[in-house]
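Colleague: So the protein sequences, as listed, match chains A and B.
Mapping of the first sequence onto the working numbering: residues 1 to 269, in sequence order.
Mapping of the second sequence onto the working numbering: residues 1001 to 1463, in sequence order.
Virtual Cβ for every residue (Gly too), placed ideally from N, Cα, C.
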Amino acid sequence: MKKLVSYPYILWMLVFIIVPLFFVAYSAFTNDAGNFTTVNFTSIAKYTPVFLKSLWLAVISTVICLLIAYPLAFILSRKSPRSQGMLIMLVMLPMWINFLLRTYAWMTLLENEGLINKFLELLGFGTVQMINTQGAVVLGMVYNYLPFMVLPLYSIMCKIEPSVLEAAQDLGAGRFQTIFRVILPLSRTGILTGVIMVFVPSVSTFAISRMLGGGSNMLIGDLIEEQFLGGAYNPNVGSALSLILMVVILIIIGVTNTFDSDEMEGMLV
Amino acid sequence: MNDVLIDLKNLTFLYDGEKVLDDLSLQIRDKEFVTLLGPSGCGKTTTLRIIGGFLTPHSGDVFFDGKRMNDIPPHKREVNTVFQRYALFPHLNVYDNVAFGLKVKKLPKAEIHKRVTEMLETVNLGGFEKRNVSQLSGGQQQRVAIARALVNYPKVLLLDEPLGALDLKLRKEMQLELKRIQQQLEITFVYVTHDQEEALTMSDTVVVMQDGVIQQVGSPQDIYNEPQNAFVADFIGESNIYDGIMLKDCLVKFAGVILPCVDKGFRRNQPVDLVIRPEDIKFVDPAETDLTGTVTSVIFKGVHYEMEVMVNDLLWVVHSTAAKTVGETVGLAVDPFDIHIMEKMFATDKNYVDGEVVEENTVEFLGVQFERENLGLPVGEKVSLVIDPEDIEVVSEDISDATVYLESLIYKGAYNELIIWLNETELILHSQNDEQVATDIGVKFDFDKIEIKPFAGDGEAGE
């Protein structure tokens, strides 16, 4: 019975995950004519700066998200259950609106003729170039992915008993000691989950960089899109890029997970 | 004798506008094992948390070794706490849990190792250093919590119902062990519990609390043998509590008989509460005593039989190793020094409250209004009301005349005597039902039976 129920899911994964992966790998190692080649990989060495830039912006966005979300999640978890529910809803609220629409909203805000610049002009600062900068791309990523950082952190911090923090205080730990000796180690799995949840979509994003970064801030996501839908049409190179991106992400997740030890989770329950 | 270590002066603490502690003062001496004992909601944990620094009193002062501590945060106080549910650090093993306080203080590694190892030996957890705390049993976690606190060599150890989660047998073992540790290390223990037996077993001094007020402070023997009032007598051990009248020194009338006692200093004919412990009542030949009655229940309790005897419509609980049979007529006897006389918790036998005529034929008292036909008094006239305890009834809140706070409930052999608070005024009532104390209940008045008298001045109307 149990087995029977799992069949549709296995089928789903086969058709929509495993088989496409195989196609990507096949396409990456063949040319137009369908012959085996590694030229797709050697030809994309020139894109290394784009890769590095994508990784760099994703790292910055992830760090900013963590810095904002960590204190927020902790404060949320110490509120009364009623206000917790309401505040968490506020954190999630932007996610109810389509991601593209939200990013369009930022475009109109950041434009040279946009709302923020009009306000700055009123104050006599003149027009500040905000749209089409790396800063705008980072802002877009932080804004869109922040809830993915807040939620795992919040749920792990809810499990930290107030009495454990009191015990730390009781044993002589001041505020910083309590944070570094108790709260941080107890929320480590939440940090790791949040980092992965933000980093992975950030590194492969293309819409945000397109809309807020203009043409000058091309990221891997844009590059891949170009190969399939854009002017530089070459699905084989696109597949190779995708494959490399996937490997890079897997390596990063793997490295991150070595900081984690599975004994942690068992103890928190 | 100036060995007072902790001095609490006139502490008041409010929670949600309600007084959890009401002008509480208490002195705790060095190396003393003090237990704060009382039902839940009596303010004992609040008192402990104020000493620990986790709560700040709204008024009053906390002195520690003569120094005022009100504004010193917990991590700078020379006290350590064993929390109710241990609050061990789940990410650290046994050794690191115990070492936490010493590492925070940045002691040398060798010193930390020496002290942690020593303390784990003291609590019989040698060899458990590397264990994960989640793999320990409740009793072992408890020992870790105690070691973690004691390893800092605090002057005072605060314990908040530390044995509450353990089963009976383990709890008894841990009681003796805690006492041993306290004596061995010569540290002051302040222990919070609602278990009277635990308090009697371990303490040098027991502080009985109710509703944020200390009812009695004394040695376990004092508290048990000379309870200050019916609440203490009822809370500590089992007891028969009755209404009585002190005819003169050493002579009390109650339950339809007049018996000699050893208490002096009461007014002539003063109404009093008296307590007789079940184990102090002896069976005698019915012909030799005025106290004769019928056995209504016999329960075997292991060491003794617990028997209920109806004497002149009052229930007497008797503990004896000699079993009687249900329906048997028995005679009871009590030695004079086993009858303990106490001041009544409620000063009068009826409720005397002030009221005012607010409309024609309508009287209001303590926020409650009622109508009385042909009252014949002008609006605005002040009156005194007399309400008999029998004329207030406990009912569910949706059909009640008023919602009141139930302060105490004591069985008086034939009925429960309840003391309630209505608009900051204490009232007394009699009921046949048991209610949960320290909660809100609904009451209904039998308005037709309230006696309306001309106003007699502030407070009590008198006779």
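(1) Within 8 Å (strictly less), CB to CB, does B/GLY1101 reach chain A?
(2) What residues in its chain sit with their C-beta under 6 Å from that of B/SER1431, if we drop five residues either side in the sequence?
(3) Can you list, in chain order, the stretches of the beta strand (DSSP E) that have 3 or more residues and sit fully within the region 1043-1119 of chain B?
(4) Of the choices A/LEU219, A/ILE88, A/ALA73 and A/ARG175, whose alpha-carbon is the least far from that of A/THR133?
(5) Contact criterion: CB-CB distance below 8 Å. Does B/HIS1075 meet it with respect to chain A?
(6) What runs of the beta strand (DSSP E), each 3 residues or longer, lie entirely inside the region 190-238 of chain A?
(7) Using a threshold of 8 Å, state whether the C-beta atoms of A/PRO71 and B/HIS1091 are closer than that.
(8) Anything in chain A within Cβ reach of B/THR1081, meaning under 7 Å, just list it in chain order.
(9) DSSP puts B/ILE1245 in a beta bridge; with which residues?
(10) Are the Cβ atoms of B/ALA1038 and B/MET1202 separated by less than 8 Å?
(11) Note the first and the last residue of the continuous alpha helix (DSSP H) segment covering A/LYS3.
(12) Counting only runs that start and end within the region 90-172 of chain A, where is the alpha helix (DSSP H) found for 4 or more residues in a row?
(13) Measuring CA to CA, which of B/ASN1152, B/GLY1237, B/LEU1274 and B/GLY1265 is closest to B/LYS1253?
(14) Would the region 1357-1375 of chain B count as touching the region 1320-1338 of chain B if we require 3 or more Cβ pairs under 8 Å?
(15) Can you confirm whether B/PHE1013, when its beta carbon is compared against all beta carbons of chain A, has any partner nearer than 8 Å?
(16) Considering only the beta carbon of each residue, do B/ARG1192 and B/LEU1159 sit closer than 8 Å?
(17) In the DSSP assignment, find the unbroken alpha helix (DSSP H) run with B/GLY1302 in it and report its ends.
(18) How would you list, in chain order, the residues of chain A whose beta-carbon sits under 8 Å from the beta-carbon of B/ALA1087?
(19) Please state whether DSSP places B/ALA1147 in a helix, a strand or coil.
(20) Would you kindly work out how many angstroms separate the C-alpha atoms of A/SER77 and A/GLY190, rounded to a whole number?
(21) Using a 10 Å radius around the Cβ and a threshold of 16 neighbouring Cβ atoms, would you call A/VAL39 buried or exposed?
(22) Mapping the DSSP letters down to three states, classify A/ILE253 as helix, strand or coil.
(23) Specify the secondary structure class of B/VAL1206 as computed by DSSP and reduced to three states.
(24) Spatial neighbours of B/GLU1463 within its chain, please: C-beta separation below 8 Å, excluding the five flanking residues on both sides.
(25) Put B/ASP1391 into one of helix, strand or coil per three-state DSSP.
(26) Pull out every residue of the region 182-200 of chain A whose Cβ sits closer than 9 Å to any Cβ of chain B, in chain order.
(27) From B/PHE1337 to B/TYR1224, what distance separates their C-alpha atoms?
(28) Could you compute how far the alpha carbon of A/LEU109 sits from the alpha carbon of A/LEU122?
(29) At which residues does the beta strand (DSSP E) containing B/PHE1235 begin and terminate?
(30) Under 8 Å, do B/ARG1099 and A/VAL164 count as touching if we go by C-beta distance?
(31) Which residues does DSSP list as the beta-bridge partners of B/VAL1213?
(32) Which bits of chain A does B/VAL1116 rub up against, with CB to CB less than 9 Å?
(33) Report the option in B/LEU1251, B/SER1297, B/TYR1095 and B/ALA1287 whose CA atom is closest to the CA atom of B/VAL1123.
(34) For A/PHE148, which residues of its own chain have a beta-carbon under 6 Å away from its beta-carbon, when the five flanking residues on both sides are left out?
(35) Take B/ILE1236 as the anchor and find which of B/GLN1270, B/ASP1263 and B/GLU1198 has the nearest alpha-carbon.
(36) Leaving out five residues on either side along the sequence, give the residues of the same chain with a beta carbon under 7 Å from the beta carbon of B/LEU1170.
Modeller: By the coordinates alone:
(1) Numbered from its first residue, the second sequence carries residue 1101 of chain B at position 101. Yes - at least one Cβ of chain A is within 8 Å of the one on B/GLY1101.
(2) To locate residue 1431 of chain B, count along the second sequence from 1; it is residue 431. Closer than 6 Å at the Cβ level, and outside the excluded window around B/SER1431, lie VAL1394, ASN1416 and LEU1418.
(3) List check, beta strand (DSSP E) in window: 1059-1064 and 1079-1082.
(4) Locating residue 133 of chain A in the first sequence gives position 133, where the first residue counts as 1. It is A/LEU219.
(5) Mapped onto the second sequence, residue 1075 of chain B falls at position 75. So, interface residue.
(6) Restricting attention to beta strand (DSSP E) runs no shorter than 3 residues, the region 190-238 of chain A encloses none.
(7) In the first sequence, counting from the first residue as 1, residue 71 of chain A sits at position 71. In the second sequence, counting from the first residue as 1, residue 1091 of chain B sits at position 91. The beta carbons of A/PRO71 and B/HIS1091 sit no closer together than 8 Å.
(8) Counting from one through the second sequence, the residue named residue 1081 of chain B turns up at place 81. Residues of chain A passing the Cβ test: ASP170.
(9) Numbered from its first residue, the second sequence carries residue 1245 of chain B at position 245. According to DSSP, B/ILE1245 shares a beta bridge with B/LYS1253 and B/PRO1271.
(10) For the purposes of this step, residue 1038 of chain B is identified with residue 38 of the second sequence, where counting begins at 1. For the purposes of this step, residue 1202 of chain B is identified with residue 202 of the second sequence, where counting begins at 1. As written in the sequence, residue 1038 of chain B is Gly, which differs from the Ala given in the question. No; because the gap between Cβ atoms is not below 8 Å, this pair is not in contact.
(11) Position 3 of the first sequence, counting from 1, holds the residue named residue 3 of chain A. Taken as a continuous stretch (DSSP letters only), the alpha helix (DSSP H) holding A/LYS3 covers 2-13.
(12) Listed in chain order, they are 99-110, 115-122, 134-157 and 162-170.
(13) Counting from one through the second sequence, the residue named residue 1253 of chain B turns up at place 253. The alpha carbon of B/LYS1253 has as its nearest neighbour, out of B/ASN1152, B/GLY1237, B/LEU1274 and B/GLY1265, the alpha carbon of B/LEU1274.
(14) Put simply, the region 1357-1375 of chain B does not touch the region 1320-1338 of chain B. Fewer than three CB pairs are less than 8 Å apart.
(15) Residue numbering aside, residue 1013 of chain B sits at position 13 when the second sequence is read from its first letter. Chain A contact via Cβ: absent.
(16) Taking the second sequence and counting its residues from 1, the one referred to as residue 1192 of chain B is at position 192. Taking the second sequence and counting its residues from 1, the one referred to as residue 1159 of chain B is at position 159. According to the sequence displayed, residue 1192 of chain B carries Val and not Arg. Their beta carbons are under 8 Å apart, which means B/VAL1192 touches B/LEU1159 by this criterion.
(17) Taking the second sequence and counting its residues from 1, one reaches residue 1302 of chain B at position 302. In the DSSP assignment, B/GLY1302 falls outside any alpha helix (DSSP H) and carries neither an H nor an E.
(18) For the purposes of this step, residue 1087 of chain B is taken as residue 87 along the second sequence, with counting starting at 1. Under the 8 Å cutoff, chain A gives GLU161, SER163, VAL164, GLU166 and ALA167.
(19) What you label residue 1147 of chain B is simply residue 147 of the second sequence in a count that begins at 1. Three-state result, B/ALA1147: helix.
(20) Position 77 of the first sequence, counted from the start, is the residue given in the question as residue 77 of chain A. Position 190 of the first sequence, counted from the start, is the residue given in the question as residue 190 of chain A. The C-alpha of A/GLY190 is placed about 13 Å away from the C-alpha of A/SER77.
(21) Locating residue 39 of chain A in the first sequence gives position 39, where the first residue counts as 1. With fewer than 16 Cβ atoms within 10 Å of its Cβ, A/VAL39 is classed as exposed.
(22) Within the first sequence, residue 253 of chain A is the residue found at index 253, counting from 1. A/ILE253 falls in the helix class under three-state DSSP.
(23) Translated into the one-based positions of the second sequence, residue 1206 of chain B becomes position 206. In the structure shown, B/VAL1206 adopts extended strand secondary structure according to DSSP, grouped into three states.
(24) The residue given as residue 1463 of chain B occupies position 463 in the second sequence. With a pLDDT of only 38 at B/GLU1463, under 50, the local geometry of the prediction cannot be trusted, and no value is derived from it.
(25) The sequence position of residue 1391 of chain B within the second sequence is 391, counting from 1. Taken through DSSP and simplified to helix, strand or coil, B/ASP1391 comes out as helix.
(26) Residues passing the 9 Å Cβ filter: VAL182, PRO185, LEU186 and ARG188.
(27) Here residue 1337 of chain B corresponds to residue number 337 of the second sequence, with the count starting at 1. Here residue 1224 of chain B corresponds to residue number 224 of the second sequence, with the count starting at 1. Straight-line measurement puts the Cα of B/TYR1224 at about 14 Å from the Cα of B/PHE1337.
(28) Locating residue 109 of chain A in the first sequence gives position 109, where the first residue counts as 1. Locating residue 122 of chain A in the first sequence gives position 122, where the first residue counts as 1. Spanning the two alpha carbons is a distance of roughly 15 Å.
(29) The residue given as residue 1235 of chain B occupies position 235 in the second sequence. Careful: B/PHE1235 lies outside any beta strand (DSSP E), inside the alpha helix (DSSP H) at 1230-1235.
(30) Sequence index remark: in the second sequence, residue 1099 of chain B carries index 99 (1-based). Sequence index remark: in the first sequence, residue 164 of chain A carries index 164 (1-based). Per the sequence shown, residue 1099 of chain B should be read as Ala rather than Arg. Not a contact, by the Cβ cut-off of 8 Å.
(31) For the purposes of this step, residue 1213 of chain B is taken as the residue at position 213 of the second sequence. Beta-bridge pairing links B/VAL1213 to B/GLN1210.
(32) Against the second sequence, residue 1116 of chain B aligns to sequence position 116. By Cβ distance, chain A contributes nothing, its closest Cβ being about 13 Å from B/VAL1116, past 9 Å.
(33) Here the question's residue 1123 of chain B lines up with position 123 in the second sequence. Nearest option by C-alpha distance: B/TYR1095.
(34) The residue labelled residue 148 of chain A in the question sits at position 148 within the first sequence. Cβ neighbours of A/PHE148 beyond the five flanking positions: MET197 and VAL198.
(35) One-based indexing of the second sequence puts residue 1236 of chain B at position 236. When each option's Cα is compared against that of B/ILE1236, the closest is B/GLU1198.
(36) As a first step, residue 1170 of chain B must be located in the second sequence, where it is residue number 170. Around B/LEU1170: GLY1139.
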